[in-house]
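Working notes, structure below.
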Amino acid sequence: MNDRKTVTFTLDGQKVTVDEGLTILEAAERFGIRIPRLCYHPDLSLAGSCRVCIVDVRDMGHYMAACSSKVWDGMDVRTNSPEIRQARRDIVELLLDNHPKDCQTCERDGNCELQNLAYSLGVRERLFEGERKDFPSEDSSRSVIREANKCILCGRCVRVCAEIQGVYNLSQHGRGFRTVVMPAHGAKMDESVCVQCGQCINVCPTAAFLEKDSTDVVWAALSDPTKHVVVQTAPSIRAAIGEGFGQPPGTPSTGKMVAALRHLGFKAVFDTDFAADLTIVEESNEFLGRLHGNGPLPIITSCSPGWISFLEKFYPELIPNASTCRSPMTMMSALLKTYYAEKIGKAPRDIYVVAVMPCVAKKYEARRPEHYLPDGIPLTDAVLTTRELIWMIRSWGIDYWTMPDIEFWNLPSEEFDEPLGIATGAGDIFGTTGGVMEATLRTAVEKLTGTPVGPLEFRDVRAVEGLREASFDLAGTTINVAVANGLHNAKQILDKIVRGEKQFHIVEVMACPGGCIGGGGQPYPPRGVNVLDPELLRRRAAALYRIDESKELRRSHENPAVKKLYEEWLGQPGGEKAHRLLHTHYAARLPRGIK
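Numbering (our numbering), first residue to last: 1 to 595.
What follows is the structure in C-alpha cells.
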C-alpha cells in the first residue's frame with residue numbers, strides 16, 4: 001500500500017503531480033526546468049535571500065522565491081515569462097553594480113556563479129553607477145583570505161561553517177550597505193575560532209573566500225639554482241586533478257600528475273602515500289601500546305589539520321587521546337629534510353619541499369612552530385592546493401593528457417622517485433573518509449594475531465556519509481571504531497566520548513566532508529555538480545579504491561621501502577629517533593581575547 005501524499009498543481013500551463021513537501025524549485029527540476037538560483041545550495045539550509053529564483057505564483061498574484069516556497073494543491077506557477085526574466089535580470093544587475101569590475105583578473109573568472117548567471121540572464125551592461133562597498137582584504141589567516149568586496153551576502157559560507165563544520169565562526173554584521181560577513185566582533189580570521197578547513201571557499205559562488213596563494217613562492221624556488229626543489233603529492237590529488245583538465249570526477253591520473261610535476265621542473269617527485277604507510281606503522285604501534293594500558297583510549301587519528309585545530313579549540317580535554325603521529329605530509333617533509341638530505345649530500349636548508357595537498361589547512365599546518373627543525377628551518381616550505389597546481393600546469397603550457405612519457409634524470413616521467421615514492425594500497429585510501437581506519441585495521445589484525453591472515457578490506461568503515469560506527473573481532477578482542485567526516489558529525493562522536501556513553505578504541509576524524517577528497521583545496525566541480533554532492537565524493541573515493549585494488553601490496557607494514565627505512569635509519573617503530581622525527585604534540589589554543 002502506498003501512503004505517499006502527492007500534490008497536483010499547474011506548472012507553466014501543465015497539470016503535474018509531485019510528492020508533497022517539495023519546493024517549487026525541486027518540483028520544477030522533476031520536469032527538466034532549472035530555475036536560476038544563487039544563495040540556494042542543496043546540502044545547506046534554505047536562506048531565500050538572493051531572490052534570483054523568483055517565480056510568478058498566479059493564484060497569489062505576486063512573485064515568490066522558488067527555493068523556499070513549497071507547492072500546494074491547485075497552485076498555478078509560471079517559471080518563465082518576459083516579466084520574470086526581466087525581474088531576475090534586475091536583481092543580478094543590482095548585485096553586479098555593487099561588485100568589483102575585475103572579472104578578467106579574478107581567480108574565479110570562468111568559474112564564478114555570479115558571472116555565469118549574469119551571462120545566462122543576458123546582463124550585458126552595468127546600469128547603476130554610484131558608491132560601492134569598500135572593505136579591505138583580510139589575509140591574516142595562514143590559509144584563507146576573506147574578500148568582502150566580492151561577497152554577495154548569499155550566506156552559504158555562514159551555513160556551511162555552522163551546519164556542516166559546526167564551527168559557527170562566520171555571521172553577517174552591520175546593516176544595509178555596510179553588511180559584511182566576518183567572525184564575531186569583527187575579529188580577524190587568525191584571531192577567531194576558524195579551523196582553516198576552507199569549506200567556505202568551496203561553497204562561495206564568487207571569490208569572497210580564497211585560499212592563500214603559494215604559487216609565486218613556488219615559481220621563485222623552481223627558478224632558484226641554489227635550491228634543490230622537490231615535491232610530494234597527497235593520495236587524493238590523483239583522484240581529483242583530472243577534473244581540472246576536463247575529465248569526469250573519479251578519473252585517476254597518477255602517472256600524468258607525476259609527469260606534469262617533472263615538466264614543471266621539480267628535481268624529485270615523492271609520494272605522500274609512502275608517509276601514509278609510515279603513519280600506519282607508527283600509529284598501529286601507538287594503538288597497540290594503548291590497548292595494553294600505555295595511554296588513553298580511544299586513540300583519535302591526527303592526519304587532518306583542520307580537525308586538529310578544531311580539537312585544540314573546542315575539545316582540549318581530548319588532546320591526550322589524539323595520536324602523536326605527525327600527518328603524512330609532515331612525516332614526509334621531515335624525512336626529506338633529514339634522511340633524503342643525508343642521502344644526496346645536501347644541507348636541509350638547501351632542499352625546498354613543496355607539498356601538493358587537497359586541504360588549505362595544510363598551509364596552516366606547515367607554519368605550526370612544532371613542524372620546524374631546531375635551527376628554524378620549516379619542514380614543509382610551501383603547500384599548493386590541487387587548484388593551485390592545476391593553474392600552474394596550465395600556466396606552464398603543459399597539455400596534461402597528451403604529454404609524452406619521457407625520461408627526466410634517468411627516470412620515466414610518470415614514476416615516483418624511490419625509495420620515498422613506493423607505497424601500498426593502504427596509503428592510497430588515506431584520501432577518503434574511513435581510509436585511515438581501514439589501513440590501521442589491516443595492519444592491526446596482523447599485529448594482534450601474529451599471522452598475515454585476516455580481512456584485507458573493512459567495508460563497514462567505508463562511507464562518504466558523515467558518520468559510521470562498527471565493531472570488529474580481532475583475535476578475540478572486540479575493537480569498537482567510529483569514523484566521522486565533517487566536524488558537525490565529529491561532534492556527535494566526541495560528545496559520546498566526553499560523556500562516557502560509549503567506549504571506542506579507534507576514532508577517525510576528517511575535517512572535510514568525504515575526507516580529503518572533499519578538501520577545501522580540491523577542484524571546483526563542473527557546472528551542475530555541487531561541491532558537497534555525495535555522488536561527487538563517491539566517485540573520487542572510488543578512484544582511490546581502484547588504485548588500492550590494483551596494487552600487489554595493500555598493507556602498510558608490507559612496504560619494503562618502509563621496512564628498509566627502519567632497518568637502516570629509524571630503528572624500531574616508536575623508538576627514540578622515530579618519535580623525534582615522526583611524532584609531535586598538541587595544546588589548547590583559544591582565540592585571542594577569549595579567556
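Glycine residues also receive a C-beta, built at the ideal position from the N, C-alpha and C atoms.
Its Cα nearest to that of Ser143, the residue Gly198 stands out among Thr440, Val181, Phe314, Gly198. In the three-state reduction of the DSSP assignment, Asp56 falls in the strand class, which pools E and B.
Between the segment 294 to 306 and the segment 346 to 366 there are three or more inter-stretch CB-CB distances shorter than 8 Å, so the stretches are counted as touching. Judged by DSSP secondary structure, Glu211 falls within the beta strand (DSSP E) whose first and last residues are 209 to 211.
A Cβ-Cβ distance of about 3 Å is found for the pair Gly521 and Thr385, placing them in contact under the 8 Å criterion. Arg159 counts as buried, since no fewer than 16 other beta carbons sit within 10 angstroms of its beta carbon. Close CB contacts of Ile299 within its chain, under the 7 Å cut and outside five residues either way in sequence, are with Glu286, Phe287, Arg290, Asn321, Ser323, Ile506 (chain order). No residue range can be given for Asp102, since it is assigned to no beta strand (DSSP E) and is classified by DSSP as neither H nor E.
Judged by pairs of C-beta atoms under 8 Å, the segment 416 to 436 touches the segment 506 to 515, as three or more such pairs exist. Runs of the alpha helix (DSSP H) spanning 4 or more residues and lying entirely within the segment 397 to 438 occur at 425 to 428, in chain order. With a contact defined as Cβ atoms closer than 8 Å, Thr443 and Arg555 qualify at about 6 Å. By the Cβ rule, the segment 257 to 265 counts as touching the segment 410 to 429, because three or more pairs are nearer than 8 Å.
Shown here for Arg132: same chain residues with a beta carbon closer than 6 Å to its own, the five before and five after excluded, namely Asn98 in chain order.
When DSSP states are grouped into helix, strand and coil, Arg146 belongs to the strand group. DSSP places Tyr63 within a strand segment (E or B) once states are collapsed to three. When C-alpha distances from Met75 are compared across Leu11, Cys112, Arg126, the shortest belongs to Leu11.
Counting along the chain, Phe9 sits inside the beta strand (DSSP E) bounded by residues 6 to 11. DSSP places Val498 in the uninterrupted alpha helix (DSSP H) bounded by 487 to 499. Between Leu121 and Val92, the beta carbon gap of about 6 Å places them in contact (Cβ cut-off 8 Å). For Lys337, the closest C-alpha among the options Gly174, Phe245, Ala347 is that of Ala347.
Going by DSSP, His228 is part of the beta strand (DSSP E) stretching over 228 to 233. Here the segment 146 to 158 makes no contact with the segment 264 to 272; the two share fewer than three CB pairs at distances below 8 Å. With three or more CB-CB distances shorter than 8 Å, the segment 191 to 210 counts as touching the segment 514 to 530.
Burial of Ser253 is indicated by the presence of at least 16 other C-beta atoms within 10 angstroms of its C-beta. Counting along the chain, no alpha helix (DSSP H) covers Ser323, and no H or E run does either. Contact between Cys67 and Ser141 fails: their C-beta atoms lie close to 31 Å from each other, not under 8 Å. Between Val529 and Leu536, the alpha-carbon positions lie close to 8 Å from each other. Cβ atoms of Val167 and Leu487 come within 8 Å of each other, at about 6 Å.
By a beta-carbon distance limit of 8 Å, Cys39 contacts Ala47. Their separation comes to about 5 Å. Leu384 carries a strand assignment under DSSP once its states are collapsed to helix, strand and coil. The secondary-structure analysis by DSSP pairs Gln14 across a beta bridge with Leu11. Straight-line measurement puts the Cα of Lys70 at about 50 Å from the Cα of Thr330. The DSSP assignment places complete beta strand (DSSP E) segments of no fewer than 3 residues inside the segment 331 to 368 at 351 to 357, in order along the chain. Look at Ile300 here: in three-state DSSP terms it is strand.
By the Cβ criterion, the segment 575 to 584 is not in contact with the segment 456 to 470, since fewer than three pairs of Cβ atoms, one from each stretch, lie closer than 8 Å. Looking only at Leu311, Glu312, Pro378, the smallest Cα-Cα distance to Leu335 is reached by Pro378.
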